[in-house]
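Undergrad: Be aware that the sequence shown starts at 3, since it is given in my numbering, and climbs by one per residue.
Note that beta-carbon positions come from the ideal geometry of N, C-alpha and C, so glycine has one too.
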Amino acid sequence: MAKLTEEIDRRRTFAIISHPDAGKTTLTEKLLLFGGAIHIAGAVKSNKIKKTATSDWMEIEKQRGISVATSVMGFNYGDYKINILDTPGHQDFAEDTYRTLTAVDSVIIVVDVAKGVEQQTRKLMEVCRMRNTPVIIFVNKLDREGRDPFEILDELESELKISVRPLSWPINIGAKFKGVYNLYEQTLDLFTPDKQKVSERVEIDSIDDPQIDEAVGEQDAAKLRDDIELINGVYPDFEEKDYLGGKLAPVFFGSALNTFGVKELLDCFVKIAPSPKPVVAQEREVKPEEEQFSGFVFKIHANMDPNHRSCIAFVKVCSGKFERNAPYKHMRSGKIMKFAAPTAFMAQKKNIVDEAFPGDIVGIPDNGNFKIGDTITQGETLHYRGLPSFSPEMFKYIENTDPMKSKQLDKGVQQLMDEGVAQLFTNQFNGRKIIGTVGQLQFEVIQYRLLHEYGAQCRWEPLSLYKACWIESDDAEALNAFKKRKHQFMAIDRDGRDVFLADSNYVLQMAQNDFPKIRFHFSSEY
Ligand code: G4P
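1. Can you name the start and end residues of the alpha helix (DSSP H) that Arg101 belongs to?
2. Drop a sphere of 10 angstroms on the beta-carbon of Phe152, count the other beta-carbons inside from all chains shown, and report buried for 16 or more, exposed for fewer.
3. Should Ile18 and Ile110 be called a contact, given that it needs their Cβ atoms to be closer than 7 Å?
4. Just to confirm the assignment, what range does the alpha helix (DSSP H) spanning Phe484 have?
5. The beta strand (DSSP E) that contains His523, what's its start and end?
6. If you measure between the beta carbons of Tyr468 and Ala504, is that distance less than 7 Å?
7. What do you get for Tyr508, buried or exposed, if any count of 16 or more other CB atoms within 10 angstroms of its CB means buried?
8. Where Leu169 and Arg451 are concerned, what is the direct C-alpha to C-alpha distance, given to the nearest angstrom?
9. Determine the burial state of Pro252: buried for a count of at least 16 other Cβ atoms within 10 Å of its Cβ, exposed for fewer.
10. Out of Asp210, Glu241, Gly247 and Ala217, which one is the CA nearest neighbour of Glu231?
11. On a CA-only basis, which of Glu31, Met75 and Phe36 is nearest Val364? Give me that one, please.
12. Could you pull out every residue in the same chain whose Cβ sits closer than 6 Å to the Cβ of Arg521, ignoring the five residues on either side in sequence?
13. Does any heavy atom of the ligand ATP sit closer than 6 Å to the C-beta of Asp88?
14. If you draw a straight line from the alpha carbon of Arg499 to that of Gly297, how long is it in whole angstroms?
15. Might you give, ordered along the chain, the residues of its own chain that have their beta carbon closer than 6 Å to the beta carbon of Asp562, omitting 5 neighbours on each side?
16. When we look at the beta-carbon of Glu97 and count the other beta-carbons within 10 Å, is it buried (16 or more) or exposed?
17. Rounded to the nearest angstrom, how far is the Cβ of Arg540 from that of Leu250, given a contact under 8 Å?
18. Here's a check: name, in chain order, each residue in its chain whose Cβ is nearer than 6 Å to the Cβ of Gln213, leaving out the five neighbours to either side.
19. Taking the beta carbon of Asn234 as the centre, do at least 16 other beta carbons fall within 10 Å, making it buried, or is it exposed?
20. Please give the ranges of any beta strand (DSSP E) in the region 325-389, keeping only runs that are unbroken, at least 3 residues long and fully inside the region.
21. Using the rule of at least 16 other Cβ atoms within 10 Å of the residue's Cβ for burial, across every protein chain shown, is Ala424 buried or exposed?
22. For the ligand G4P, I want to know if Asn402 counts as a neighbour, meaning its beta carbon is within less than 6 Å of at least one of the ligand's heavy atoms.
23. Cβ of Thr379 within 7 Å of Cβ of Gln459?
24. According to the neighbour-count rule (16 or more other Cβ atoms, all chains shown, within 10 Å of its Cβ), is Gly256 buried or exposed?
25. Do you know offhand how far Lys1's Cα is from Gly248's?
26. Cβ of Ala96 versus every heavy atom of the ligand G4P: is any distance shorter than 6 Å?
27. Might you give, ordered along the chain, the residues of its own chain that have their beta carbon closer than 8 Å to the beta carbon of Phe36, omitting 5 neighbours on each side?
28. Among residues of its own chain, excluding the 5 on either side of Lys50, which ones have a beta-carbon nearer than 6 Å to its beta-carbon?
29. Could you check if Ala342 is buried or exposed, using at least 16 other CB atoms within 10 Å of its CB as the buried criterion?
30. Do Ala24 and Val141 count as a contact pair if the criterion is CB distance below 7 Å?
31. Pull up the CB-CB distance for Phe359 and Glu9, whole angstroms please, since I reckon it's below 8 Å.
32. For the ligand G4P, is there a heavy atom less than 6 Å away from the beta-carbon of Arg487?
33. Taking contact to mean at least 3 C-beta pairs separated by less than 8 Å, is the region 481-493 in contact with the region 425-439?
34. What are the boundary residues of the alpha helix (DSSP H) that includes Gly498?
35. Alpha carbon to alpha carbon, how far is Ile400 from Val531? Give it in angstroms, no decimals.
36. Please indicate yes or no: does the CB of Arg146 lie closer than 6 Å to some heavy atom of the ligand G4P?
Listed below in structure tokens is the structure:
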């Protein structure tokens, strides 16, 4: 038991999220360098899903295949075991990112100092907010011209709807960038633009130490003191419990490319970031230190090679110790299963593991037994929730173009939905099947995979919808009245739940006004 709690306490499982190009890959790589998991810069980069044009999605898929290796990056840093869960760079796979966020205990958000908060960051933050995920923000690219740091802080607060507290502060930006003052440790780090070298540190007693003037010049030292006074006056003190409750985000400044400010971020991160927390199952809350193993599948990675239709199911260990070859219960099917070749991801290598602890991710080779959201336990009946589907952004009717292959089409669609590639709704009015995605790319992926893996052909028919929302009400009569009035726009999801297909924001607002007894949900987790 002592060992289990020790293992849990030293684990930090998190994801780095950002709008494409803010520097997520670069930061990940630098963290791996510090952890000794890689030895040269550029090692992660080559595995990265580039922001390729739509027509090149096959290339993206190939790279996604490669990226299995980088899906989870585990390494030791001091006494800590760190698991970084990678999230796809391409926004058409945002759904993958949402799900990955259900498997992490905290998040680091990377923001470009010139661009500030961008659209995808805003969306991902919403998911974090839903779950009160603790968030640390890294403002990147200080070596380039950018915006005033105070302005950035204001924007972070208003756009991400979270209180912020700078724990480090830059001395100038761009060509004049001289370094950062670390408010958390009370140290001064001087910037030397070099991609591999770690910065020079000046040991100081306090913000009034004359060494600061010597290091950065009197003028900048005076400005720094003014800034720090302002920060301490305006921003709340850093309270760990507010951070852990997802209410306050500490902010660091630096340059990932120059490995500047990254170690400070990492050192603070391991100290304050949470170890695996209790997870709420439908039946009860499950604590990580419970002896019995339990976990859930948050991601399924398909092999794109049609001759090997195997997948890897990524299981997050929630409680107890996972052991190779032990009999575990697959909750949805009720089957007892043994996993002979579970893999874990350490220092960029995928190895078969004998055991894993809460916070760890194990990859289980699978031939279609698993579905996203499946729970596995040592026997107890548990169903982990918290793998929400969000309203898709794009919708199309799927039509079978080869009547001889309708069975194959159905099976293919079912399996792709199990993998979480997209969402399926059935229109109750005309019985037609609707696929909802977050990006155009997914339609192409689905069509290609249906043909190559299932021998089924389909075509898409445009459908202009604004949102799909799950509806419910305590008043059965009101619910029926709503369904009757909107019968052309009613659908059911794969679990048979009622979904309203709103074709415009206006229609949705009108519906919300006209039917106050109906609750409209924009994610399936309600
Ligand atoms: P992403 O994963 O969030 O999409 O971003 P990524 O790390 O790929 O970084 C996007 C671009 O920004 C890269 O340039 C990267 O080198 C650059 N970058 C990252 N951190 C910094 C920084 O601190 N300062 C500066 N000046 N640039 C930074 P690229 O030209 O797209 O790629 P590459 O050709 O350099 O590999």
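TA: Here's the rundown:
1. As a first step, residue 101 must be located in the sequence shown, where it is residue number 99. Ala96 to Leu103 is the span of the alpha helix (DSSP H), which, as asked, contains Arg101.
2. Within the sequence shown, numbered from 1, the residue matching residue 152 stands at position 150. The residue is exposed, with fewer than 16 neighbouring Cβ atoms inside 10 Å.
3. Within the sequence shown, residue 18 is the residue found at index 16, counting from 1. Within the sequence shown, residue 110 is the residue found at index 108, counting from 1. Cβ atoms of Ile18 and Ile110: closer than 7 Å.
4. By 1-based counting over the sequence shown, the position of residue 484 is 482. Element bounds for Phe484: Ala478 to Arg487.
5. Numbered from its first residue, the sequence shown carries residue 523 at position 521. Unbroken beta strand (DSSP E) run through His523: Arg521 to His523.
6. Start at 1 with the first residue of the sequence shown, and residue 468 comes out as number 466. Start at 1 with the first residue of the sequence shown, and residue 504 comes out as number 502. Yes, these two residues count as a Cβ contact at 7 Å.
7. Stepping through the sequence shown from its first residue, residue 508 is reached at position 506. Exposed, by the Cβ-count rule.
8. Position 167 of the sequence shown holds residue 169. Position 449 of the sequence shown holds residue 451. Cα-Cα distance, rounded: 47 Å.
9. One-based indexing of the sequence shown puts residue 252 at position 250. Buried: at least 16 other Cβ atoms inside 10 Å.
10. Numbered from 1 along the sequence shown, position 229 holds the residue referred to as residue 231. The candidate whose alpha carbon is nearest that of Glu231 is Asp210.
11. Indexing the sequence shown from 1 puts residue 364 at position 362. Measuring from the Cα of Val364, the nearest candidate turns out to be Met75.
12. Translated into the one-based positions of the sequence shown, residue 521 becomes position 519. Contacts found: Glu474.
13. Among the ligands present in this structure, namely the ligand G4P, the ligand ATP is not found.
14. Taking the first residue of the sequence shown as 1, we reach residue 499 at position 497. Taking the first residue of the sequence shown as 1, we reach residue 297 at position 295. Approximately 25 Å, taken between the alpha carbons.
15. Since the first residue of the chain shown is 3 and the last is 528, residue 562 is not available in this structure.
16. To locate residue 97, count along the sequence shown from 1; it is residue 95. By the 10 Å Cβ count, Glu97 comes out buried.
17. Residue 540 lies beyond the range of the chain shown here (3 to 528); nothing can be said about it.
18. The residue given as residue 213 occupies position 211 in the sequence shown. Once the five neighbours on either side are set aside, the close Cβ partners of Gln213 are Val204 and Ile206.
19. In the sequence shown, counting from the first residue as 1, residue 234 sits at position 232. Per the 10 Å Cβ criterion, exposed.
20. 329-332, 337-340, 345-348, 351-354, 363-368 and 377-379
21. Numbered from 1 along the sequence shown, position 422 holds the residue referred to as residue 424. With 16 or more Cβ atoms within 10 Å of its Cβ, Ala424 is classed as buried.
22. Within the sequence shown, residue 402 is the residue found at index 400, counting from 1. No, Cβ of Asn402 sits at least 6 Å from all heavy atoms of the ligand G4P.
23. Residue 379 sits at position 377 when you count from the first residue of the sequence shown. Residue 459 sits at position 457 when you count from the first residue of the sequence shown. The answer is no: Cβ separation not under 7 Å.
24. Sequence index remark: in the sequence shown, residue 256 carries index 254 (1-based). Counting Cβ neighbours within 10 Å, Gly256 comes out buried, since at least 16 surround it.
25. With the chain covering 3 to 528 only, the question about residue 1 has no answer from this structure.
26. Within the sequence shown, the letter at position 94 stands for residue 96. Result no, Cβ not under 6 Å from the ligand G4P.
27. Numbered from its first residue, the sequence shown carries residue 36 at position 34. Cβ neighbours of Phe36 beyond the five flanking positions: Tyr79, Val264, Lys265 and Leu268.
28. Numbered from its first residue, the sequence shown carries residue 50 at position 48. Only weak support is given to the placement of Lys50: the predicted model assigns it a pLDDT of 48, under 50, and the value that follows is read from those uncertain coordinates. So the qualifying residues of the chain are Thr27.
29. Counted from its first residue, the sequence shown places residue 342 at position 340. Exposed, by the Cβ-count rule.
30. Within the sequence shown, numbered from 1, the residue matching residue 141 stands at position 139. Within the sequence shown, numbered from 1, the residue matching residue 24 stands at position 22. Result no, Cβ atoms of Val141 and Ala24 do not sit closer than 7 Å.
31. Position 357 of the sequence shown, counting from 1, holds the residue named residue 359. Position 7 of the sequence shown, counting from 1, holds the residue named residue 9. Contact flag correct, Cβ pair sits at about 4 Å.
32. Sequence index remark: in the sequence shown, residue 487 carries index 485 (1-based). No; taking the cut-off as 6 Å, the Cβ of Arg487 has no heavy atom of the ligand G4P nearer than that.
33. yes
34. As a first step, residue 498 is located in the sequence shown; it is residue number 496 there, counting from the start. Here Gly498 belongs to no alpha helix (DSSP H), and DSSP marks it neither H nor E.
35. Residue 531 cannot be examined here, being either before or after the span of the chain that is shown, 3 to 528.
36. For the purposes of this step, residue 146 is identified with residue 144 of the sequence shown, where counting begins at 1. It does: the Cβ of Arg146 is within 6 Å (strictly closer) of some heavy atom of the ligand G4P.
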